[in-house]
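Enquirer: Once you've had a glance at the structure underneath, I'll fire off some questions.
4 protein chains.
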Amino acid sequence: MTTIAFIGLGIMGAPMAGHLIDAGHDVVGFNRSRPAVDALVERGGRAASCVADAVHEAEVVITMVPDSPDVEEVVLSPEGVYASAKPGALHIDCSTIRPDVARKVAAAGVKLGVRVVDAPVSGGEAGAKEATLSIMVGGEAEDVEAARPYLDVVGATVVHVGPAGAGQTVKAANQLVVAGNIQLLAEALVFLEAHGVDTEAALAVLGGGLAGSTVLNRKAAAMRAREFTPGFRVDLHHKDLGIATDAAREAGVAIPIGAHVAQLMEALRATGHGELDHSALLLLVEQLSGRDL
Amino acid sequence: MTTIAFIGLGIMGAPMAGHLIDAGHDVVGFNRSRPAVDALVERGGRAASCVADAVHEAEVVITMVPDSPDVEEVVLSPEGVYASAKPGALHIDCSTIRPDVARKVAAAGVKLGVRVVDAPVSGGEAGAKEATLSIMVGGEAEDVEAARPYLDVVGATVVHVGPAGAGQTVKAANQLVVAGNIQLLAEALVFLEAHGVDTEAALAVLGGGLAGSTVLNRKAAAMRAREFTPGFRVDLHHKDLGIATDAAREAGVAIPIGAHVAQLMEALRATGHGELDHSALLLLVEQLSGRDL
Amino acid sequence: MTTIAFIGLGIMGAPMAGHLIDAGHDVVGFNRSRPAVDALVERGGRAASCVADAVHEAEVVITMVPDSPDVEEVVLSPEGVYASAKPGALHIDCSTIRPDVARKVAAAGVKLGVRVVDAPVSGGEAGAKEATLSIMVGGEAEDVEAARPYLDVVGATVVHVGPAGAGQTVKAANQLVVAGNIQLLAEALVFLEAHGVDTEAALAVLGGGLAGSTVLNRKAAAMRAREFTPGFRVDLHHKDLGIATDAAREAGVAIPIGAHVAQLMEALRATGHGELDHSALLLLVEQLSGRDL
Amino acid sequence: MTTIAFIGLGIMGAPMAGHLIDAGHDVVGFNRSRPAVDALVERGGRAASCVADAVHEAEVVITMVPDSPDVEEVVLSPEGVYASAKPGALHIDCSTIRPDVARKVAAAGVKLGVRVVDAPVSGGEAGAKEATLSIMVGGEAEDVEAARPYLDVVGATVVHVGPAGAGQTVKAANQLVVAGNIQLLAEALVFLEAHGVDTEAALAVLGGGLAGSTVLNRKAAAMRAREFTPGFRVDLHHKDLGIATDAAREAGVAIPIGAHVAQLMEALRATGHGELDHSALLLLVEQLSGRDL
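Chains as they are written, first to last, in the numbering used here: chain A, 141 to 433; chain B, 141 to 433; chain C, 141 to 433; chain D, 141 to 433.
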């Protein structure tokens, strides 16, 4: 049994913390809004009143917050994780943030004797609930190994991909591919519908060939039904694509389709669909094809 | 045992005809270049000296040729399939061609008492050899059912998607999705390499999450190794994307990413890579990122 | 004074025919709808009851119709221009059509002893009314010189750009550039408005520098006022971009931005704005930015 | 006669400072590399040994440096402009930087009693030498009027476009439009050349119609001749497009073509052409069309 501070008990964080409790750990949770903490206590965890309270006796600290500035505040501020963490504590940041911020956070941790890994996850709410997340981990090999037992509790695929920040870089690539796959499926669906094709049959055959994808397997039925309850929200995917396009520019890499999809996600958000599932890119294709009238 | 005329014994056609022989059918083959016919005879088939010779006593005629004009010539010309086919014969066109040409061919067949289905395939040379093709079939329901026993011999997924031409429409959508998936994977790989990430590990984790795809499973290792032996050639995929963008324009459907990928495939071909596997889109991304120097 | 048959008295054709009358020529007009012919007679021209009637005694035949199939019908059909034209007549096709169709028409004319030039125009309704059109002419040098006196009556810039079809090729390039310039101006306007900038002042300074363009000079004020009366209709520009992207594919040329703009024009048309001026691309940018709510 | 500190005597700054000397002002120049300062002295100006030395008795301070971090250092650092400027001095920043940094600089100036305007310029080296720059000015109306006499010395079009930062926003829009216009012209040229058209004639007619632009007038001849001596460097335009795409994202505005062109400029730079004139986008189009072989 390990004492684990879990900061950020949202759609993703709550079920992840729950699995760690189920695995026998002593989980002390903190979240800005109190009901999420209460839910954790009902699940068998303990409540903390602030970050410092959660962290000060933890051997492992897991953070799962929305964006780079959130991580900077929660971890680096005077009331943050590193101000109260025990020397030798292991910090696992599961948030999806900028690779450069992840490296900055890791460097700050090292100075204070905290071991840090960046461990963003893929798989969405379903993956979090089913403990089948894919987790891409950046950091020192021994720290990643130290984190692995906890990550294995919430994920099905846990892979060490490189040094500090590498997890975030891989997550950025992941988000480009996922957004692109959704958009391609959306274009294919609208194209097939416009031609009067039976899309259920068509998707079966597409899925059986080289066009098959996890997006098709998991999202196509809901897209055909115009069911866009998140899942993973457009607003967050838009944020992630901003990270990815910035990281590509930083590296001098051309990502023509990635950048194009980022514009489409931007447009989807701008048209008021930020709260929908990212598969709502279908709505944009319909709109651009005059099929929403 | 059915007498089957098989016209077009190329990379795809030869193994497909072979499977039909193995399944006990009497396969009479014709190909413009003689060695392909000789190879069929060695496999246990019979040789025809021209289309008419192959077709005149066949109950089933299968055509597998490169492009729309080839189908028009092989099927509709005075020396073509329909001039010699027996009344009631079943014509299965496995070529990938324009949906409007498929509809025109089907209409011509119906006038002459030939039953016609369009049945383009997905899965490439490997799928043809392993008899695991995905086959999207357009035509009258009873004709599709008549064709199914033969298609089941060469394919793992055989689906009736709609009336005449619908198979080609679905194939066009398939080619858009496949090209897009390859391009996205290429961008992700160059992005990850530029950031110094271990791409083998990264692809493992991408494949385990929502970014997973058949393209990633089948193509990523060769792409990492810069191994671009076809497989499916850029020239052909370029042709197919022309069909897809035309079909989208005809239907008034916007396919922003599809059209963009078509331009990239065009560029890949223009830069002299038409003979490589379509996964060579990676070379274009490298070139655009200055990583080919 | 030359007897000129003028076929196609629409928004562009009517004022062009009028200028030729004003210049002292004997203009015999035909149009599918009769009121356009009556208007020409009032202007001082003569009425023809059919193409043959217009053409049979003409030394010069000018055609100005919407699209490639229209030209093929009006010119090549048994009741068309070439069936009735005098040997040695000069045919000036001012329509905007496919370069390959222009070459086919020219070849057909040559066989029958008709001299043919393709002479598509740029400048829109205003240019036609003010006789300030830009005219890009393809054909044999001596035929182009023979056509020049008539073209000078309706245009301010008349340039011989190459052999048969070359005028259409240049027009295709023209339409790519114009559509792109409009789209860029639309993006700039929405961007500036979203940032609260005084766009009238901003456009003044953009126009004074390297961002200046004829599109900015002629279209920006109406775009700021959301005034989209054509001018040149989205439907026609969409048709022209289809010609341009096909011609690029035929030549193996990558036109990434041109193809992208063609998709946006397609989307604008699909969303029901085909009858507006092409500067309505602004509406699409607003829609994609959620600023149309 | 006004005492003017001029910081940054590069390709743009040197001729601008020269014009101010010619207009009778007392110009004290500073530049990191000494030869540029010596050249100013020869022209009739005075040399400063550091920023503080240049600024401490100046009524007007003009800065013309490459990028946002340069402005922050030159202006805001302890050895910077604001640490030494006289109360009531007028600071005119002609650099092209991020609008948010411009606003931050202006706010810092106001606190210290310095009046600040952002006044980025368009027109390139030629415009600087000929004193025909377009200048887009952001700031308080009275400060802009105070700056106008000095800006009129170096520019032909000086326009107040809004509050602090607005000049930079307009410059960002300007750079999007310019890059797009160059790219469109490059695509048109390669397209026309591939079709064997006489491009000199074609450009004459394009320039006379709705496709006309300042880019065409000033750049087309050099592009036809493959002459890419800057002018304005790809590296700088790439930087500016990063500012523009960030500013668009910040405002929630979709700029599909702008973002696409930014990718192409990125690719041009990545392929080793960062030092060429931005019209070298033509090389990229040639490369993508296989016409560089």
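Where a beta carbon is used, it is the ideal one built from N, C-alpha and C, also for glycine.
Since this is a predicted model, take the numbers as computed values, not measurements.
Please report how far the alpha carbon of residue 203(B) lies from the alpha carbon of residue 183(B), in whole angstroms.
Expert: Near 19 Å, if we compare the C-alpha coordinates of residue 183(B) and residue 203(B).
Enquirer: Residues in the segment 367-394 of chain D with C-beta within 7 Å of chain A's C-beta atoms, listed in sequence order?
Expert: From the segment 367-394 of chain D, only 382, 389, 392, 394 have a Cβ closer than 7 Å to chain A.
Enquirer: Taking all protein chains shown into account, do 16 or more other C-beta atoms lie within 10 angstroms of the C-beta of residue 106(B), making it buried, or fewer, making it exposed?
Expert: There is simply no residue 106(B) to check, as chain B begins at 141 and stops at 433 in what is shown.
Enquirer: Which first and last residues belong to the beta strand (DSSP E) in which residue 168(D) is found?
Expert: Where residue 168(D) is concerned, the enclosing beta strand (DSSP E) stretches over 166-170.
Enquirer: In angstroms, rounded to a whole number, what distance separates the CA positions of residue 326(D) and residue 397(C)?
Expert: Roughly 10 Å separates the two Cα atoms.
Enquirer: Could you check if residue 234(A) is buried or exposed, using at least 16 other CB atoms within 10 Å of its CB as the buried criterion?
Expert: Residue 234(A) is buried by the Cβ-count criterion.
Enquirer: Pull the bridge partners of residue 143(B) from the DSSP assignment, please.
Expert: Residue 143(B) pairs with 166(B).
Enquirer: Quick check: is the beta carbon of residue 404(B) nearer than 8 Å to any beta carbon in chain A?
Expert: At least one chain A Cβ lies under 8 Å of residue 404(B).
Enquirer: Determine, for residue 206(C), whether the minimum Cβ-Cβ distance to residues of chain B falls below 8 Å.
Expert: For residue 206(C), the answer is no, since every Cβ of chain B falls outside 8 Å of its Cβ.
Enquirer: Helix, strand or coil for residue 196(C), going by three-state DSSP, please let me know.
Expert: Three-state DSSP puts residue 196(C) in coil, outside helix and strand.
Enquirer: Exposed or buried, which one is residue 337(B) when buried takes at least 16 other CB atoms within 10 Å?
Expert: Buried is the call here.
Enquirer: Could you check whether the segment 393-411 of chain C touches the segment 353-370 of chain D, counting it as contact only if at least three pairs of C-beta atoms, one from each stretch, sit closer than 8 Å?
Expert: Segments in contact, no.
Enquirer: Any Cβ of chain C within less than 8 Å of the Cβ of residue 300(D)?
Expert: By this cut-off, residue 300(D) is an interface position.
Enquirer: Would you tell me roughly how many angstroms separate the C-alpha atoms of residue 216(C) and residue 309(C), rounded to the nearest one?
Expert: Taking the straight line from one Cα to the other gives about 21 Å.
Enquirer: Let me check one thing: in DSSP terms, what residues is residue 231(D) bridge-paired to?
Expert: BP columns for residue 231(D) point to 201(D), 256(D).
Enquirer: So, residue 214(B) versus residue 147(B), is the Cβ gap smaller than 8 Å?
Expert: Taking 8 Å as the Cβ cut-off, residue 214(B) and residue 147(B) qualify as a contacting pair.
Enquirer: CB residue 164(D) to CB residue 187(D), shorter than 8 Å?
Expert: Contact: no.
Enquirer: Could you check whether residue 317(D) and residue 341(C) sit closer than 8 Å to each other, using their CB atoms as the reference points?
Expert: No, these two residues do not count as a Cβ contact at 8 Å.
Enquirer: By alpha-carbon positions, which one of 292(A), 332(A), 270(A) ends up nearest to residue 388(B)?
Expert: Closest option to residue 388(B), Cα to Cα, is 332(A).
Enquirer: Just the Cα atoms here: how many angstroms apart are residue 422(A) and residue 270(B)?
Expert: Roughly 35 Å between the two C-alpha positions.
Enquirer: Rounded to a whole number of angstroms, what is the C-alpha to C-alpha distance between residue 312(B) and residue 246(B)?
Expert: The alpha-carbon atoms of residue 312(B) and residue 246(B) are separated by roughly 18 Å.
Enquirer: Taking the beta carbon of residue 366(A) as the centre, do at least 16 other beta carbons fall within 10 Å, making it buried, or is it exposed?
Expert: By the 10 Å Cβ count, residue 366(A) comes out exposed.
Enquirer: Assuming residue 276(D) and residue 299(D) form a contact by the criterion Cβ under 8 Å, report the distance between their Cβ atoms to the nearest whole angstrom.
Expert: At roughly 6 Å, the Cβ-Cβ gap stays under 8 Å, so residue 276(D) and residue 299(D) are in contact.
Enquirer: So is residue 327(D) in contact with chain C if we call contact Cβ pairs under 8 Å?
Expert: Yes, contact with chain C.
Enquirer: Take residue 219(C) as the anchor and find which of 239(C), 190(C), 229(C) has the nearest alpha-carbon.
Expert: For the residues 239(C), 190(C), 229(C), the minimum Cα distance to residue 219(C) belongs to 190(C).
Enquirer: Answer yes or no: do residue 198(C) and residue 229(C) have a C-beta to C-beta separation smaller than 8 Å?
Expert: Cβ distance < 8 Å, so residue 198(C) and residue 229(C) count as in contact.
Enquirer: So residue 274(D) contacts chain F; which residues on that side make the cut at Cβ distance below 7 Å?
Expert: Absence of chain F from the displayed structure is noted, the protein chains being A, B, C and D.
Enquirer: Can residue 444(B) and residue 166(B) be called in contact, C-beta distance under 8 Å?
Expert: Outside the shown range of chain B (141 to 433) lies residue 444(B), about which nothing can therefore be said.
Enquirer: Run through the segment 284-322 of chain C for me and flag every whole beta strand (DSSP E) of 3 or more residues, listed as ranges in chain order.
Expert: Within the segment 284-322 of chain C, the complete beta strand (DSSP E) runs of at least 3 residues are 295-302.
Enquirer: Could you tell me which residues DSSP pairs with residue 405(D) in its beta bridges?
Expert: In DSSP, residue 405(D) forms no bridge with anything.
Enquirer: Have a look at 236(C), 259(C), 425(C), 196(C) and flag the residue whose alpha-carbon is nearest the alpha-carbon of residue 210(C).
Expert: Per the Cα distances, 236(C).
Enquirer: Since residue 400(B) meets chain C, which of its residues come closer than 9 Å, beta carbon to beta carbon?
Expert: The answer, in chain order, is 396, 399, 400, 403.
Enquirer: Residues of chain A with a CB under 8 Å from the CB of residue 410(C): which are they?
Expert: Those are 428, 429, 430, 431, listed as they occur along chain A.
Enquirer: Kindly list, in the order they appear in chain D, the residues whose Cβ is closer than 8 Å to that of residue 135(C).
Expert: The question about residue 135(C) has no answer here: the residues shown for chain C are numbered 141 through 433.
Enquirer: Is the beta carbon of residue 262(A) sitting closer than 8 Å to the one on residue 349(B)?
Expert: Cβ distance < 8 Å, so residue 262(A) and residue 349(B) count as in contact.
Enquirer: What does DSSP give as the partner residue(s) for residue 276(D) in the beta ladder?
Expert: According to DSSP, which records beta bridges pairwise, residue 276(D) is partnered with 299(D).
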